[in-house]
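K.L.:
Protein chains in written order, with numbering that gives the first Met the number 0: chain A, 0 to 224; chain B, 0 to 206. Heads up, the beta-carbon is just placed ideally off N, CA and C, and yes, glycines get one too. Structure incoming, see below.
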Amino acid sequence: MRRQIPLFITFFVGTLLILSVFIPPMETLGEDFTLFFDIIAVFAFFLGGGNLVRVHITKLIKRKPDWGFSVVTLVGFAFVLIVGLFKIGNPGDIASSVTAEGSWFQESFNYILNPLQSTMYALLAFFVASASYRAFRAKNREATILLVAAFVILLGRTPFGMALTSWIPESLSIFQIPNLAIWIMNSPNLAGQRAIMIGIGLGVVSMSLRLILGIERTYLGDDRA
Amino acid sequence: MEHFAIWVAAFLTMGIISFLYKDNAWYKLSEAIFVGISAGYWFVTLFWDNIYGKFWVGRGDDAMLYIGAFLGLLMLMRLVPKVGWISRWPLAFIVGATAGFYLINYFSSNVMRQVEDTIMPLLGTDYSATTYDMIGNIVIAVGTFSGLVYFFFSKEHKGVFGGTAKVGIFFLMITFGASFGYTVMSRMSLLIGRLDFLFGDWLGMIK
Chain A
0 MRRQIPLFIT FFVGTLLILS VFIPPMETLG EDFTLFFDII AVFAFFLGGG
50 NLVRVHITKL IKRKPDWGFS VVTLVGFAFV LIVGLFKIGN PGDIASSVTA
100 EGSWFQESFN YILNPLQSTM YALLAFFVAS ASYRAFRAKN REATILLVAA
150 FVILLGRTPF GMALTSWIPE SLSIFQIPNL AIWIMNSPNL AGQRAIMIGI
200 GLGVVSMSLR LILGIERTYL GDDRA
Chain B
0 MEHFAIWVAA FLTMGIISFL YKDNAWYKLS EAIFVGISAG YWFVTLFWDN
50 IYGKFWVGRG DDAMLYIGAF LGLLMLMRLV PKVGWISRWP LAFIVGATAG
100 FYLINYFSSN VMRQVEDTIM PLLGTDYSAT TYDMIGNIVI AVGTFSGLVY
150 FFFSKEHKGV FGGTAKVGIF FLMITFGASF GYTVMSRMSL LIGRLDFLFG
200 DWLGMIK
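Rendered as structure tokens:
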């Protein structure tokens with residue numbers, strides 16, 4: 000029964016949502032289920048937050064290597080939680096939005112989370128540069144095509160690309176690097192993207208069918224759970 | 000206050016950048032702050048939007064909300080080892096609903112819609128296509144078809160089929176190259192944004 004009931008729920012809910020597309024009175028079912036998702040997501044986050052605290056407290060108690068950073072994580076988590084849930088440092092009264100400009104919660108986003116997040120992503124520029132050093136070697140025909148396409152797109156998005164080919168007459172403007180970059184993005188790139196998208200679409204459809212029909216059961220985990 | 004906040008942001012920004020030298024304590028400190036603050040941020044946002052916003056401010060009398068809350072509570076059963084298996088029920092609900100939702104939507108948007116947009120009238124729907132458009136449409140149709148042939152692994156890639164798959168690889172390489180170039184540019188713009196913050200907002204060297 001521990002496996003049968005979840006399998007039935009998956010089958011029932013999945014089938015119901017598919018039918019709802021074809022039966023007009025059931026059209027709002029998708030919206031209701033989205034509402035369930037949002038609420039379940041909060042409880043899942045309770046679980047995730049609780050797990051984060053448990054992992055770091057265990058690390059702290061057992062004095063594992065770098066346990067000091069676990070203290071920082073816990074303090075940061077508790078700080079935002081207290082400031083956000085009790086609206087501490089909020090301009091106006093308790094009824095004002097937690098994300099109001101000037102609130103401690105919003106300021107922690109603006110001056111801590113946002114810089115950290117963008118710098119993390121910006122750091123990838125260096126790793127991409129190092130990866131391109133390895134990838135940008137025309138070892139064979141396929142790699143050469145990749146190299147040329149990437150190079151044209153990179154140059155096409157910079158003023159340098161424009162300056163480099165501005166001498167080409169208007170009648171042959173397609174060969175100017177910015178125009179060539181646009182053509183690559185709109186034609187051959189789009190073709191490849193479409194092939195990938197159709198492949199993904201068919202894959203998702205077959206995986207959804209496997210889940211609804213109970214062929215794919217790995218999400219249930221093992222029976223010890 | 001704002002001055003202090005800018006210094007904090009600069010300290011954390013440089014902490015993350017310091018990873019380029021090597022994994023160090025400054026980076027780990029910034030990373031630990033990032034994990035703690037972001038977990039707390041999403042926790043609080045979800046609480047105000049979905050619990051407070053829907054149960055208190057919104058339509059708290061809607062029975063549907065309580066079904067969602069009940070499923071959410073079942074999810075927490077995972078914390079009690081003896082009845083942990085009950086947490087599979089909301090999980091099964093999410094998996095089933097996602098499967099049903101995606102089956103229709105992906106088939107519609109990723110398959111049918113893409114096929115429809117690929118098989119275009121050569122001269123355009125109102126015969127207004129230019130040579131440039133026609134070449135573009137042919138390239139898209141040939142590229143999509145050959146790309147799909149490449150992804151078909153149930154038949155050995157030999158002969159005409161193999162040749163078509165080879166053409167498909169060329170199109171896919173252009174796609175990967177274009178995506179690569181695009182990713183580099185977007186990361187670069189983020190990096191420029193951070194450098195602008197450091198040299199402009201923090202050090203005041205850029206006016």
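1) For a contact meaning CB atoms closer than 8 Å, what does leucine 34/A contact in chain B?
2) So, serine 186/A versus valine 138/B, is the Cβ gap smaller than 7 Å?
3) Can you pull the chain B neighbours of leucine 179/A, defined as C-beta to C-beta under 8 Å?
4) Using C-beta distances below 7 Å, list every residue in its chain close to threonine 117/B, excluding the 5 sequence neighbours before and after it, in chain order.
5) Any beta-carbon of chain B closer than 7 Å to the one on asparagine 188/A?
6) Considering just the uninterrupted stretch of the alpha helix (DSSP H) at histidine 2/B, what are its terminal residues?
7) Comparing the C-beta of valine 82/B with each C-beta of chain A, is any distance below 7 Å?
8) Proline 89/B: buried (16+ other C-beta within 10 angstroms of its C-beta) or exposed?
9) Relative to the C-alpha of isoleucine 183/A, which candidate in Val183/B, Leu190/B, Met172/B has its C-alpha closest?
10) Chain A beta carbons: is any one of them nearer than 7 Å to that of valine 159/B?
11) If the cut is a Cβ gap below 7 Å, which residues of chain B does glycine 48/A touch?
12) Report the neighbours of threonine 129/B on chain A: residues whose CB is nearer than 9 Å to its CB, in chain order.
13) Can you tell me whether leucine 72/B is helix, strand or coil according to DSSP?
14) Do the segment 105-114 of chain A and the segment 33-51 of chain B touch if we need at least three Cβ pairs shorter than 8 Å?
15) Relative to chain C, which residues along the segment 167-183 of chain B have a C-beta separation below 9 Å, given in chain order?
16) For phenylalanine 42/A and glycine 49/A, what's the separation of their Cα atoms in angstroms?
17) Go through its chain and collect everything with a Cβ distance to serine 205/A's Cβ below 8 Å, but skip five positions before and after it.
18) Relative to the alpha-carbon of phenylalanine 150/B, which residue among Gly198/A, Phe174/A, Glu141/A has its alpha-carbon at the smallest distance?
19) Mind listing the chain B neighbours of serine 107/A? Cutoff is C-beta to C-beta under 7 Å, in chain order.
20) Check whether the Cβ of arginine 193/B lies closer than 7 Å to any Cβ atom in chain A.
21) Give me the Cα-Cα distance between methionine 63/B and methionine 76/B, rounded to the nearest whole angstrom.
22) So is isoleucine 197/A in contact with chain B if we call contact Cβ pairs under 7 Å?
23) For arginine 58/A, which three-state DSSP category applies?
24) Proline 89/B touches chain A at which residues, Cβ-Cβ below 7 Å?
25) Taking the straight line between their C-alpha atoms, what separation do you get for threonine 97/B and glycine 180/B?
26) Using the Cα positions of alanine 224/A and tryptophan 84/B, report the straight-line distance between them to the nearest angstrom.
27) Mind reading off the beta-carbon distance from phenylalanine 217/B to isoleucine 195/A? Whole number of angstroms is fine, and I expect it under 8 Å.
28) What in chain B is Cβ-close to aspartate 31/A, meaning under 8 Å?
29) What residue range is occupied by the uninterrupted alpha helix (DSSP H) comprising alanine 149/A?
30) Does DSSP classify lysine 86/A as helix, strand or coil?
P.N.:
According to the structure shown:
1) Listed along chain B are Lys53, Met63, Leu64, Gly67, each with a C-beta nearer than 8 Å to that of leucine 34/A.
2) yes
3) The premise fails here: leucine 179/A is roughly 11 Å from chain B at the closest Cβ pair, so nothing lies under 8 Å.
4) Ile139, Ala140, Thr143
5) yes
6) 1-16
7) no
8) buried
9) Of Val183/B, Leu190/B, Met172/B, the residue nearest in Cα terms is Met172/B.
10) Answer no: the Cβ-Cβ gap between valine 159/B and chain A never drops below 7 Å.
11) Ala38, Phe42
12) Here the premise fails: no neighbours, minimum Cβ distance about 12 Å.
13) helix
14) Short answer: they touch.
15) You won't find chain C in this structure, because its protein chains are A and B.
16) 10 Å
17) The answer is none, since no qualifying residue turns up.
18) Gly198/A
19) For serine 107/A, the chain B residues whose Cβ falls inside 7 Å of its Cβ are Ile36, in order along the chain.
20) For arginine 193/B, the answer is yes, since a Cβ of chain A falls inside 7 Å of its Cβ.
21) One Cα belongs to methionine 63/B, the other to methionine 76/B, and the distance between them is close to 21 Å.
22) yes
23) Note that residue 58/A corresponds to lysine in the displayed sequence, not to arginine. In the structure shown, lysine 58/A sits in a helix (DSSP, three-state: H, G or I).
24) Ile39
25) Each residue's alpha carbon lies about 33 Å from the other.
26) Residue placement at alanine 224/A cannot be trusted, given a pLDDT of 47 that sits under 50; what the coordinates show is reported in the next sentence. Pairing alanine 224/A with tryptophan 84/B, the inter-Cα distance amounts to about 6 Å.
27) Any answer about residue 217/B is impossible in this case: the structure gives chain B only from 0 up to 206.
28) In chain order: Met63.
29) From DSSP, the alpha helix (DSSP H) with alanine 149/A extends over 140-155.
30) coil
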